[in-house]
Structures are given as C-alpha cells and as structure tokens.
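One structure is given below, encoded as structure tokens.
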Amino acid sequence: MSVVGSVVGFMIQTLAVSSIYILVAIGLSITLGTLKFVNFAHAAMYLAGVYIGLGIALELQFSGDIARSIGLGNVGLDLGFLAALAIIPIITFGLGLLMERFVARPFYDRPDTDQILVTFGILLIVQELIRAFVGGRSLTFSRPAWAEGAISLGPLGTYASWRLAIIGITSVLVLAVYLYIEYTDVGLAVRAGTEDTEMVNLLGVRATRPFLVIFGVGSGLAGAAGVVGGPVFSVVPEVGVGVLVPAFLVVVVGGVGSIVGSVVGGLLIGAVEVGLVMNAPTWSSVGIYALAAVVLLVRPAGLMGAVEVDE
Amino acid sequence: MAENDTQSRRDVLKTAGAAGTVGLAGLAGCLEGGNGNGNGNGNGNGGDGGSEYPALGNYPIEGDAATLGFNVPQTGPYQEEGADELRAYELAADHLNNGGGWVDLWDDLSGDGVNGYEIDYETGDTATDADTARESASRMIERDNAIMYSGGSSSATAIAQQGLAQQENVLFMCCLTHSNDTTGGDCVRYGFREMFNAYMTGQALAPIVTEEYGDDLEFYQLYADYTWGQTQQASMRQFFEEAGWSEVDSVPTPLGTDDYSTFLQEAVDSGADVLFLNHYGLDGSNSVSQAVDQGINEDMEIVVPLYNVPMAAGAGGSIEGVFGTDGWDANLDNEPTRVFAEAFEEEYGSTPSSPARLAYSATMQYAAAVERAGTFYPPEVIRELEGYEWDNGGIGEEIMRECDHQTMRDILVVRGLSEEEQDAESGRYWEVVEQASYPDAVGYECDSGPAAECELGEYGDE
Amino acid sequence: MLLETKGLTKRFGELTAVDEVNLQIQEGDSLSVIGPNGAGKSTTVNLITGLLNPTEGKVLYRGEDITGQEPHEIVQQGLSKSFQTASIFPDLTVERNAVVASLGAEHGSFSLNFLRRLGNYDDVLERAEQTMRDMGLYEQRHVEAKSLPYGDKRRLEMALALASDPDLLFLDEPTAGMSPDETDDTVDLIERIKEERGVTIVLIEHDMEIIFRVSDRIAVLNRGAKIADGTPDEIQGDPDVQEAYLGGVEI
Amino acid sequence: MSEQTEAATPGESADASGLLDRWDGLRERESFSIAGAIAFVVVFPMIFTNLPAYNGYMSLVELIYIWAIFAIGFDLLLGYTGLLSFGHAVFWGGSAYAAGLFSANVSGEPLLIVLVAMVTAIVLALIIGILSLRRGGIYFAILTLAFGQMMYFIALGPLGGITGGEDGFTGVTVDPLLGALELGTGFAGVLGTLLHDIGYVLFAGFFVLAVAAAVRIVRSPYGAIFQAIAENEQRVRFLGLNVWRYKLAAFVISGAFAGVAGGLHTIHAQYVAVGSLFWITSGDIVIITVLGGIGSIFGPVTGTIAFLYVENIVSGEIAFWLLVLGALFVTVVWLFPAGIWGIVTGIRSTVREQLLGDDS
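Chains as they are written, first to last, in my numbering: chain A, 1 to 311; chain B, 312 to 773; chain C, 774 to 1024; chain D, 1025 to 1384.
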C-alpha cells in the first residue's frame, strides 16, 4: 500500500472515529461554555437518538421485564434510516427544551456538584428505563441499504461505505450548526455568553430564547449522533455513558464553548485512538485519557479555550 | 489460609448467629457453653446418615430440603444467556423433585428429590460482574446454606466464584465459561466444568477449516484483549500453524471496543487469506457484522471460533458461511437432546440454547453424583464426579477428568446460515458441519495444554 | 514605601483594563482609588492581591517583587482584602468564620495537623475571639453567618480580612448597599482600625463623603489609566479630574 | 451534624432544658461518636442477621463496614470539601490490587496488607490529585472520571499479565493476623456472641478506627478549612490559606480511606475483580454517599447500609432496583440534599423544638 494510501486511510479512519464524539461533544461544550451547566444527562439524548431512531427506522423490540409484564410488543414505524435522521434531531431538540426547562433551569443557581449529581441520576434513570422496557440485550440497528457494503477508492483503499456516510452526515450537521452560530443572533448570544460569564450568571439572561435554542440544538446533535452511531456502536443501555466519557474528553482537550474546539479536540482524540490501534493496540483505550492529561498540563483551558482559567 | 480454618469460621458465625437469636438474655448460658470452634453440626442433622462425616462447608444439611444456588446474569450484557440458563436450572430442580426430563433417563436419579432431600433453590444476579457474582454466591452459601451453586456466563465470574467455592467448601458447577484458565491455572478442587475450552475449540476447528479453505494459507487474528481472548488466540495459532497455515499477525482489541473498523482495516491491508475474530457475545456480533460491512468477506474468509445463539442473532446475516464452534444444538438427533428440548419447549415455549443445556446438565450431574455417593458430604461428591464417564448428556460420550475437572467431550463445528435460512423461532442460525469427537479429534493429556498449569487444591477432609 | 506598582498593565484580548498604573502607598497612609465604572479599580486591586496576573508591570511590597504570587502568599506577607460583596462562609457560624480566618493567620498557608484537635489550639481560638470582640460580633458568635443582618455581614467580612493583623488592607466599596446609619458605623470602624491597629488602608469607593473623611491621598483612574494622584485638596482642584470624572458635580 | 469546635460549646449555663443540653454536650464529644461506632458493631450484626425481616448475613455485615470506610472517606472530600470525584474507583481498586499482589508475593499479614493498600492509594491520590486539581468544579469531576477509566483500561489490557485482566486477580493469600490469629478463629462465650471471630474484629475494628479518624479530622483545623473551602473557596484563599494544598490534602486523605477499604476488601473477598476499577464503582460510592447524606460521618454509613441492603437482598425481590435507586437518588439531590441521615436528624431536631418550645 502506498504512503499516500496509508495517510489517506489514516485520515478517513480518524474522521470516522471522531464524528460521533464531535456530534456529542458540541452540545456538552456549548452548554458548559455559555450556561455553565454540566450535563451528564446529555448522554440521554444520544440514547433517545439510538432507541427512538431505531423505532422510526426499523422495529424496536420491547423485551424488557416491565414491557413483557404489561404485554408490550414490538413497535416500529419502519420509515427507514433517512426518516430517522430527519425526525430525531427535531424530537431531541424538543426533549432538550424540556430538559432545559425542567432539569437544567432549577439547577442553574445550585453548585456544580449538584448539577453533576442530578444529571448523573437522570442518566441512570433513563438507562434503567430503557433496560426495563426495551431490555438490556443488544439490538441491531442495521445500516440503510444504500450504505451497506464497501466502496473501493482505488489506490486509497477500500472502505465501508457506512463510514464515509458518517463522515458526510457529520460534516453537514457540524457545518450547519457552525454557520448558524457564526451568523445569527442566537450565535451572537452564545459567543457573548461564552466570553462574558458575569452576564449569564444572571438567571434572566439564561432563560432567554437564544440560550434555550442552543440547549435544544446541542441535544439535537446528540440525538443525530445516536442515529448515526447506532449502526456502529452497540445498541445497549450502557452505550450512553460509553460515548459520554470520550465526548467529555473532547471538550476538555478542545476547550469549552467553541465548535471549532470540539472539532479539533475530536479529531485529535480520534487520531490518537486510530494511531494507537495501528501501532500499539493494547494501549488504544488508554491513549485518549493520557492525551487529555497532557493537554491539560500544557494548556489547562484546552487547545482552543481562550477563556482565562480562574478556578 | 488453610481450608479447615476458613470453613470453621462460617460454622462459628452460624453458631454465633443462633446464639444471637437467643439474644443477650442468654449470655450467661453462653459463657459456659460455647467452645467457639466449629460446632455447627450440633443439631438439625436430618436423615443423612447421622454423624457419618464431620461438618464441612454447608454439610450437613439442616432440615429436609437441600438448597441449590443458581447464580446467573440477570442484568448486563449476558442477561439473555443468563435468562435461558435460569429457565433450565428451574426446570432441572422441578425434574429432580417430580420426575421428568433426564431424571427419567438416568438410573441414578429418582425423581423424588435427591438422597431423600427435597431440592430447593435460590437465585442470584451476577450482573456479569465478578465482584457481584462472588457476593451473590457468598450470600447463597452463608445465608441460604446452599450445598451447591452453579452459574456464570463469563470466565471472570466463573473464576471468581470457584475461588469462593474452594474457600468455603461448597461445590460450584461452572456453566458457561470457555477460557482455558478456568480449568487451567485457576482450577480448583471444588469447581467442575462441562463446557469445553478455547484449546479444544482450536483442536476441533483446525482440521475442518483447513480442509475447507485449502493448505498453506495465511491468517490474521483479532482477539479480545483479556484472558479468554488471549488463550483462544494462542490456541488458534497453535492448531492452525500445526495444520500448515501461517499467522501474519495477531492484534488485541481492548475490552470495551465498540468500533472495530480500524482494526479490520489493518487486517485487510495485511493481505492475509483468513481472518479470525476471537470475540464473544456482543463484541462478537459487532466485529463480525462490521467486518462484513466493510466488505472484508470479499477478500478474506472469516472465522468466529466460538459462537452462541444470542450472538448469532445479533449478527444476523453477517455470519453466513462463517465457521465456528458450539457445545450443543437443540436440533441434534439423540434421545437426551430430544427429551430435554421437548421438556424445555413445553415449559417455556422456546428452544433451549446450549448454555441452557449446560445449566440443566450441571444440576443433573451434581444430583446424580450425590445419589451415587449416598451423601451430600462434599469430598465424597467430588470423588464421585471425578473420573465419571457418561453418554446420556446429549452430546455423546463425556468424561469429567480427575486431574483438572475439565470435561473431555465432543464439540460441534458449525457454519452460519444466510439470513433467509435462519430461523429465530427454532434457534437455527447455523448448520452443524461435524461433531468433532473426543478423543479422536479433541482432547489433551493431563500434563499438556491448559491442564499442565492446574493444581486443584484440597478436598477438605485431609 | 510600603507598596508600589510600576507600569501595572492588564489586557483582556483587545481590551486594556489597566494601563501602566503607578501607585505608591506609604506606611500608615490611607489611599483611596476612585474612578467611574469600568475605570479598572477592582482589576488593579485584583492584580495587586494576586487574583489576576498582570500582562506587564510589577508589584513591589516593602521593596520586594511580589508580582505573580498566589493570593495566599500575598496575604501571608501582610496584605489583606475585604471584598465588595460580603464574602463570608454563610453556612458556618460567626465563630467558625473567625476561626478559619485565624487559622490562616496562626498556622501559615498550610499545616499538616489534620489529626490534632482544633479545640486545643488556644492561640487560634483567642485570636478568633479577639477579632469577634473587636468587631462587635462576639454576642452573635453562634449564629449562622447567613442569618446576620446585612451590616453585620459586612462587619464579619471585614473581621475576616482583619483577623490576620494585616499591615495593608484593601477595602473594596465597604459601604456599598448600606443604609446611612450603617455607612456611618462602618466609616467609624475604618477610622478606628486605622488608629488602633495602625493599618495602612487602600479604599475603593464611590461615596465622596467617605473618601474625603478617610483618605490621606487619592488616586484617580479613568479607562484603566491613572490620571491624577494627590491629597484630597489637590484632587479636588485638579481640572483633569473635574473633566474626566467628577464632571460638573459639586463636591 | 454540626461540628462545633469543642472549646466553644462547654461553659454554657444550664437552664430548664439542662438535661437535653448535657446530652448535647455529650454528643459533641469525640468519644461519643467512637463509643457509638463500637456499640454499633456489637449490636448491628445481631439485629441484622437474626431478625427474619432483614434477612442479612455476616459476610454482608463485614462488607458494609468496608464500604462504609470508603464512603466516610469519600464524604470528607464531597461533603466537607465540596469536591466531587468520579474516579474514586482508582483508589479502591488500585489499592485492592496492590493488596492482592502484596499478599501473593510478599506477605499475607492482614495489617501489612492494609498498610500497603493505604500507601498505594495515597501515592495514586497524590498523582491524580495534582493533575485533576488543576481544574476546579466540573472539570475536576470529568478529569477524575477520565483518570479512573484510564486505570481501568490499563489494568485490563497492558497490565493484564499482572492483574489477571478480565478474570481478576485470584492469587490472594491471607495469613493469620499478627502471625498467630487465624481470621476464622471464633471467640468463646459472650465474646463469640458479640464479636464472632477474629475476622469480624478486624473489619469492625477498622470501621471504628475509620469513624474515629474521620471525627478527629472533622474536628481538626482541616475540618474547618475543608468546610470553608466548600462554601467560599476564594475567601479561603484570601485568608492566606493555600487552598490547592488543602484540597489535595482532602483528596489524599479520602484516597487513604478508600485504600484501607480496598485492602480490607481484598482480605474479605480473597479476590480482586477488574470491575473494582470501573466507573460504576465510582458511581456507586457517589450514590451511597449522597443517598446517605453528605457532610456528616454517619450519613455515608447510613447510605452504605441502605445501598448494600438493596443491592444484595432486595435486588432479588424488586426487578428494577437500579431504577428505583436512581429515582431515589435524584429525589434526594433535588429535594433532600442532606440525604437519609439529614432527614433523620431533621426529625430529631423538630422533636427537640417541640420539647423545648421556642428555644433558639
């Protein structure tokens, strides 16, 4: 295999691995940067994306004990993958608004630790609810027919078409949100909020429309990540935490509050993971944590974090 | 720590507990009465031959029911396997008390309890976590006075539980555990395994797969980076290289890996002819379906050395044509299989999986050994189990070896069916290519393979 | 010279919050730093007390460079700060508040004494008691700090700053939000502190009445830069100050 | 639980409610908490394992003490200092492995095993603390979580040859205490009824010791400073106290408690599971501590009893105990930040007020 081929191969792998992390990380990063709200329950949006998405695209099997005891069967709209990809961000956007109103808002004025605890608890509940209704076993979220199989890129190697589809979908979503934040009033509020923490400390400002919208947008992206990631990662209740931890690392590495930071952080984490898989596979799960530690030692605010660290 | 001392500890605790019931009011009496060391057999010694044997573990049984502990994953990644095992355990307890199933086939068993005792059972949830499994088992031993416990749907939980068995002098009949270590480096006198291991899988697969795909091929291995994966990887290398193939590379995938694409890409780039995916359960479903997704089956042949039904169901059509092994199949044509599968189907309305048969069989084996020994006294039951040969378990002739407590037995080499041919109702996901038999095709001596590392420990009556 | 800043500068991105500010404070003097909102008063104090690191410039304390030291190191050298908002420990009792402050004074910035009873440190307890008595809070020592009336909270805040017997005390708008009576009491208190303890005081204030009552010297900041520095009389007559800050207001 | 300085409490005049005051004075004493802990370890197993309603058993009693030590230490960090660590499994699991390896290769003396476990946890806490405490609040939680997971994956993969990887560490060997006292040796007579055997004394003894140490720490200068940091970190800094070092001290002290607990768990289980390093273990200790009630010594103990009881006994009867536990946890965080213990003490002080009338 040519040098160019392996470089391109490395890049494509990195992009594919990074995509899901980035989609989940953006929402975490923005709510952390603007609202100073730390949201472990963000992973619940990913779970909603996976499970509701599965129900829209195919058929969701209810085999949990509670579902069985009340005779709940399988539910499926069977609308196909694209329908799920289109509907889920809207649903999770709405769920995000609800979460802002009923979970986040009562806790804006409470200490960080309470925010973490309550969102951790809610993630636990969502996870266990899924286990109770849908069941704990792994489900198959099969890829759409048009993205099955592999595509040969000539000398650049052969890739699963689904990987390329993930990269494409993620790019479009991230770019759209980036433009939205860069060129609209909502975005202005977000950028101002990230820079001026005093302002957002006032509850009144936090509850205004732009911040609500941004909470929803972050949730929508996490939901979309669930649809995109469903066919790659396992569909089990624990997968929420499984993506949450790397996404948090992306935020730590990239710096809080900026989309560019999340993208850079995500790509770096992806690159380290892929690089280690190729060269020292035993260490591949360890490497991303080590990266986070190193970045933090060198640049406590993260690579793209401009805000002075005053904690 | 010597087993006798450990065991005496629990007896003392029980005694103390009994004394505690009397409460502080009885303190004066205790001052004179207690000797403090292992008098747990003072009372409640039912019809078990009086004081024939000294107290050991939970022997003698108090009352007229013997309690078994069924410790399976009811939550977590192996809960499907666990649920099927539990159904089989409960079925076995029912048959032992009331007849039916193998009880009617096996001469040792009466259908009227075991050795004069009714069979009672307690269940526990291992959550596929070694600590939880061990804690749950110790509750069964200590509080419920289980005389034997069984279960385990991963090597880690099995190894954790059998260590406890040895300490507490209570028998543990392993269920689903495929690691070489269970009856290798980590083997114990109080643990028994009917499941085959990775080593035997290698022996069974190599001749058939090499014959199918040809000589002098190059193979590439991905393996789950923990003990089971490592032993299986080593076994595959050993037996396929002995069969004339050569390994290009073998790469560990860390536990918890969800996305195998990078690993798989590396595998394709290696130019090897055959890819071994040494992953189990959920990981197995993931890696094989991602491999097919990535088009790897167009360039390479894929082998998944160890299969099970939930895993095949998860992978769906991806396993078409993929070779692997399993311990038993409900569609086998023999009487014990038919009897068990029918009883199971009648009770639960579904086809039993191979883990279910293991669970059923473990319970039956234990009960039969107790009947043969004429007592529940653990060392005697162990001696009955050791070296026992039988052919009425649905998978041909089997022998429980004395040297490492590993059953030498036949293994099914199977090949995945296409999505259209699969039938979830009857649990048909593959066709049986061959029943690799012991000792012709599989098996190893007591001084070789995993057995070489096994030291079983004491019976407890030395 | 007790404290001196040389070319103290702080930039946040494009914004220059503090621009080459030079201040001199003599021992025993009272300096007031005044200026309109956003003039950089609080930032200047934060640069001196170590909460922020200056972009450029130096802070000299008794001739020694203390630029870039941590707040606790600076406090340990005898500089103390009373916050604009009552920065106390609301869920702890008044006594507990004073004890924590006394620990910082008696045991230095860190001490390995986690297995010794606090109750056995008589020096700490005495200092806490003395501080509470000085500030007239002793009677309320068992009250949770958050239940104190606002004026008492501010006095507790000042007590925390004074527990360490500082040589130099920064008071950031000590009377903000107070009633006229409370303000009066506070000013009396400040004057008493000055006299009894001989503490050098740096006051950040808006209220001109207080400033002229308390200050020996006044420094005026505007848009981050110092535009005037002198005795109250000099400042009152300074045309730049009139122009930039005081506007047409009669003093 | 309010932790007054002892010097401040006595000397108050006894009025009408003198008896209650004297009782309060007694309760304020350090020795009272320790006596309470001793009384608890004598009485608890009798009630817990004999009353059919509880369905308990001795091994669970010992496990409760071990986890309670872990929880008490965790609360010194979370409840007193206000730092939420999501990676405490590192100290529990890391020390458990150190204990196991030490017992297999050097000595099986239980006290030495616990010592080695504690030292290991202290070293780990120093390293991880120095790295994680560079950032406060939320970042601290995320970083400790990340380091915890890192250690888990290291134990699982790269160090699998030493730790036993997924199978866990099986080579634990425990010798008699002080070379002579087998852990399984029971006591005679009254002692047997109350203290069962040497092993029970070991676990219960460490539990009492942990309570004593925690009470002392809470009443030391550190206790005051920890609470002050939790309430207003910046103010503490401007009192001339090195907040970073005190936070590190809190982290290391809490790590040391986790280390003792981890070492004892190795002795108790004679096995170390790799799951002891997994984030779920960290999550469990968070749930235990918060559920029981942060900011007190007996809150975490209450939480431990509740959690382990549900996990090991009720779990068989309620299929979705984790769901129930999660709901309970959120309710506590949301509405009763003082936890179960806080509810108990709340009721107690209400009763008191009723008794005393309007007495502040």
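Ideal Cβ positions, reconstructed from N, Cα and C, are used throughout, including at glycine.
Candidates B:Gly474, B:Leu528 and B:Gln478, of which the one nearest aspartate 492 (chain B) by Cα:
Counting from 1 along the second sequence, the entry for residue 492 (chain B) is found at position 181. The shortest C-alpha separation from aspartate 492 (chain B) is found at B:Gly474.
Can you pull the chain D residues whose beta carbon is under 7 Å from the beta carbon of aspartate 864 (chain C), in chain order?
To locate residue 864 (chain C), count along the third sequence from 1; it is residue 91. Going along chain D in sequence order, the residues near aspartate 864 (chain C) (Cβ under 7 Å) are Glu1255.
Should the stretch 113-125 of chain A be regarded as contacting the stretch 266-281 of chain A, the criterion being three or more beta carbon pairs within less than 8 Å?
No, the stretch 113-125 of chain A is not in contact with the stretch 266-281 of chain A.
Under 7 Å (Cβ pairs) to chain B, residues found in the stretch 1166-1187 of chain D
Within the stretch 1166-1187 of chain D, Phe1177, Leu1180, Gly1181 and Gly1184 place their CB atoms closer than 7 Å to a CB of chain B, listed in sequence order.
DSSP on valine 975 (chain C), reduced to helix/strand/coil?
Stepping through the third sequence from its first residue, residue 975 (chain C) is reached at position 202. Judged by DSSP in its simplified three-state form, valine 975 (chain C) adopts strand.
Using a beta-carbon distance below 8 Å, is tyrosine 1121 (chain D) in contact with chain F?
This model lacks chain F altogether, as its protein chains are A, B, C and D.
Assuming asparagine 1266 (chain D) contacts serine 860 (chain C) (C-beta within less than 8 Å), just tell me the rounded distance between them.
The residue given as residue 1266 (chain D) occupies position 242 in the fourth sequence. The residue given as residue 860 (chain C) occupies position 87 in the third sequence. Their Cβ separation, rounded to whole angstroms, is 18 Å, which puts asparagine 1266 (chain D) and serine 860 (chain C) out of contact at 8 Å.
For glutamate 866 (chain C), does the three-state DSSP call read helix, strand or coil?
Numbered from its first residue, the third sequence carries residue 866 (chain C) at position 93. Position check: residue 866 (chain C) holds threonine in this sequence, whereas glutamate was assumed. DSSP places threonine 866 (chain C) in strand when its eight states are reduced to three.
Assign aspartate 436 (chain B) to one of three DSSP states: helix, strand, or coil.
Counting from 1 along the second sequence, the entry for residue 436 (chain B) is found at position 125. Three-state DSSP puts aspartate 436 (chain B) in a strand.
Contact set between proline 281 (chain A) and chain B, taken where Cβ atoms lie within less than 8 Å:
Locating residue 281 (chain A) in the first sequence gives position 281, counting from the first residue. Those are Asp536, Val562, Pro563, Thr564, Pro565 and Phe574, listed as they occur along chain B.
Cβ-Cβ distance between aspartate 560 (chain B) and serine 581 (chain B) below 8 Å:
Position 249 of the second sequence, counted from the first residue, corresponds to residue 560 (chain B). Position 270 of the second sequence, counted from the first residue, corresponds to residue 581 (chain B). In contact: aspartate 560 (chain B) and serine 581 (chain B) (Cβ atoms closer than 8 Å).
Classify aspartate 895 (chain C) as buried or exposed, calling it buried when 16 or more other Cβ atoms lie within 10 Å of its own Cβ.
Position 122 of the third sequence, counted from the first residue, corresponds to residue 895 (chain C). Exposed, because fewer than 16 other Cβ atoms sit within 10 Å of the Cβ of aspartate 895 (chain C).
Give the residues from the stretch 1107-1139 of chain D that approach chain A closer than 7 Å (Cβ to any Cβ), ordered along the chain.
Going along the stretch 1107-1139 of chain D in chain order, one finds Leu1108 with a Cβ nearer than 7 Å to chain A.
Unbroken beta strand (DSSP E) run spanning phenylalanine 507 (chain B), endpoints:
Here residue 507 (chain B) refers to the residue found at position 196 when the second sequence is read from its first residue. Secondary structure note for phenylalanine 507 (chain B): it is in no beta strand (DSSP E), with a DSSP letter that is neither H nor E.
Closest residue to threonine 840 (chain C) among C:Gln849, C:Gly851, C:Leu825 and C:Lys854 (Cα-Cα distance):
Taking the third sequence and counting its residues from 1, the one referred to as residue 840 (chain C) is at position 67. Of the listed residues, the one whose Cα sits closest to threonine 840 (chain C) is C:Leu825.
Cβ neighbour criterion (16 or more within 10 Å) applied to glycine 995 (chain C)
Position 222 of the third sequence, counted from the start, is the residue given in the question as residue 995 (chain C). Before going on, a small fix: residue 995 (chain C) reads as asparagine here, not glycine. Asparagine 995 (chain C) should be labelled buried.
Report all residues from its chain with a CB closer than 6 Å to the CB of leucine 85 (chain A); omit the five preceding and five following residues, and keep chain order.
For the purposes of this step, residue 85 (chain A) is taken as residue 85 along the first sequence, with counting starting at 1. Within the same chain, leucine 85 (chain A) has close Cβ partners Val227.
At a Cβ cut of 7 Å, what residues of the stretch 846-858 of chain C count as close to chain D, listed as they run along the chain?
Cβ contacts with chain D: Val848, Gln849 and Lys854.
Cβ-Cβ separation, threonine 378 (chain B) to aspartate 442 (chain B) (assumed contact under 8 Å), whole Å:
Your numbering for residue 442 (chain B) matches position 131 in the second sequence. Your numbering for residue 378 (chain B) matches position 67 in the second sequence. By a beta-carbon distance limit of 8 Å, aspartate 442 (chain B) does not contact threonine 378 (chain B). Their separation comes to about 23 Å.
Take the Cβ of glutamine 601 (chain B) as the centre, count every other Cβ of all protein chains shown within 10 Å, and call the residue buried at 16 or more, exposed below.
Here residue 601 (chain B) refers to the residue found at position 290 when the second sequence is read from its first residue. It is buried - the Cβ of glutamine 601 (chain B) has at least 16 other Cβ atoms within 10 Å.
Looking at the structure shown, is glycine 351 (chain B) part of a helix, part of a strand, or coil, going by DSSP?
Looking up residue 351 (chain B) in the second sequence gives position 40. Confidence at glycine 351 (chain B) is low in this model, with a pLDDT of 37, below 50, so its placement is unreliable and no value can be given for it.
I need the straight-line Cα distance from leucine 338 (chain B) to valine 1067 (chain D), nearest angstrom please.
The sequence position of residue 338 (chain B) within the second sequence is 27, counting from 1. The sequence position of residue 1067 (chain D) within the fourth sequence is 43, counting from 1. Low confidence applies to leucine 338 (chain B): its pLDDT is 37, below 50, so where it sits in the model is not reliable, and the reading given next is rough at best. CA-CA distance, leucine 338 (chain B) to valine 1067 (chain D), rounds to 14 Å.
Delimiting residues of the alpha helix (DSSP H) encompassing glutamate 273 (chain A):
If you number the first sequence from 1, residue 273 (chain A) lands on position 273. Note, glutamate 273 (chain A): alpha helix (DSSP H), 259-279.
Starting from the beta carbon of asparagine 597 (chain B), find every residue of chain A whose beta carbon is closer than 9 Å, and list them in chain order.
Taking the first residue of the second sequence as position 1, residue 597 (chain B) is located at position 286. Near asparagine 597 (chain B) (Cβ distances below 9 Å), the residues of chain A are Ser138, Val232, Phe233 and Ser234.
Measuring straight from C-alpha to C-alpha, what distance separates glutamine 1015 (chain C) and valine 975 (chain C)?
By 1-based counting over the third sequence, the position of residue 1015 (chain C) is 242. By 1-based counting over the third sequence, the position of residue 975 (chain C) is 202. For glutamine 1015 (chain C) and valine 975 (chain C), the gap between their C-alpha atoms comes out near 22 Å.
If you check the beta carbons only, do tryptophan 1358 (chain D) and glycine 1317 (chain D) fall under 8 Å apart?
One-based indexing of the fourth sequence puts residue 1358 (chain D) at position 334. One-based indexing of the fourth sequence puts residue 1317 (chain D) at position 293. A distance of 8 Å or more separates the beta carbons of tryptophan 1358 (chain D) and glycine 1317 (chain D).
What do you get for methionine 774 (chain C), buried or exposed, if any count of 16 or more other CB atoms within 10 angstroms of its CB means buried?
Indexing the third sequence from 1 puts residue 774 (chain C) at position 1. Burial call: exposed.
With a cut-off of 8 Å on the beta carbons, I'd call isoleucine 1337 (chain D) and asparagine 1079 (chain D) a contact; round off their distance for me.
By one-based count along the fourth sequence, residue 1337 (chain D) stands at place 313. By one-based count along the fourth sequence, residue 1079 (chain D) stands at place 55. Contact between isoleucine 1337 (chain D) and asparagine 1079 (chain D) holds, with the beta-carbon distance rounding to 5 Å and staying under 8 Å.
Return the chain-ordered list of same chain residues with a C-beta closer than 8 Å to the C-beta of isoleucine 167 (chain A), the five sequence neighbours on each side being excluded.
In the first sequence, counting from the first residue as 1, residue 167 (chain A) sits at position 167. Ile12, Leu15, Ala16 and Ser19, listed in sequence order.
Below 8 Å between beta carbons: does that hold for threonine 386 (chain B) and glycine 136 (chain A)?
Locating residue 386 (chain B) in the second sequence gives position 75, counting from the first residue. Locating residue 136 (chain A) in the first sequence gives position 136, counting from the first residue. Annotated as proximal: threonine 386 (chain B) and glycine 136 (chain A), with beta-carbon spacing under 8 Å.
To the nearest angstrom, report how far apart glycine 353 (chain B) and tryptophan 283 (chain A) are at their CA atoms.
Within the second sequence, numbered from 1, the residue matching residue 353 (chain B) stands at position 42. Within the first sequence, numbered from 1, the residue matching residue 283 (chain A) stands at position 283. With a pLDDT of only 37 at glycine 353 (chain B), under the threshold of 50, the placement of this residue in the model should not be trusted; the figure read from the coordinates follows. In this structure, the straight-line span from the alpha carbon of glycine 353 (chain B) to that of tryptophan 283 (chain A) is close to 57 Å.
Kindly indicate which three-state DSSP category valine 333 (chain B) falls into: helix, strand or coil?
Along the second sequence, read from residue 1 onward, the residue named residue 333 (chain B) stands at position 22. Residue placement at valine 333 (chain B) is flagged as unreliable, the pLDDT there being 40, under the threshold of 50; the coordinate-derived value follows with that caveat. In this structure, valine 333 (chain B) counts as helix in the three-state DSSP scheme.
For the beta strand (DSSP E) that serine 803 (chain C) lies in, which residues bound it at each end?
What you label residue 803 (chain C) is simply residue 30 of the third sequence in a count that begins at 1. Looking at the DSSP string, the run of the beta strand (DSSP E) that includes serine 803 (chain C) is 803-807.
Consult DSSP for glycine 358 (chain B) and reduce its assignment to one of helix, strand or coil.
Walking along the second sequence from the start, residue 358 (chain B) turns up at place 47. Model confidence at glycine 358 (chain B) stands at a pLDDT of 44, short of 50, so the residue's coordinates are unreliable; what they give is reported in the following sentence. Note: glycine 358 (chain B) maps to coil in three-state DSSP.
Output needed for tryptophan 162 (chain A): all residues of its chain with C-beta closer than 8 Å, excluding positions within five of it in sequence on either side, in chain order.
For the purposes of this step, residue 162 (chain A) is taken as the residue at position 162 of the first sequence. Leaving aside the five residues that flank tryptophan 162 (chain A) on each side, the residues in its chain whose CB is nearer than 8 Å to its CB run, in chain order, Arg143, Ala147, Glu148, Pro231 and Val232.
Start and end of the alpha helix (DSSP H) containing isoleucine 983 (chain C)?
For this step, residue 983 (chain C) is matched to residue 210 along the third sequence. Taken as a continuous stretch (DSSP letters only), the alpha helix (DSSP H) holding isoleucine 983 (chain C) covers 981-987.
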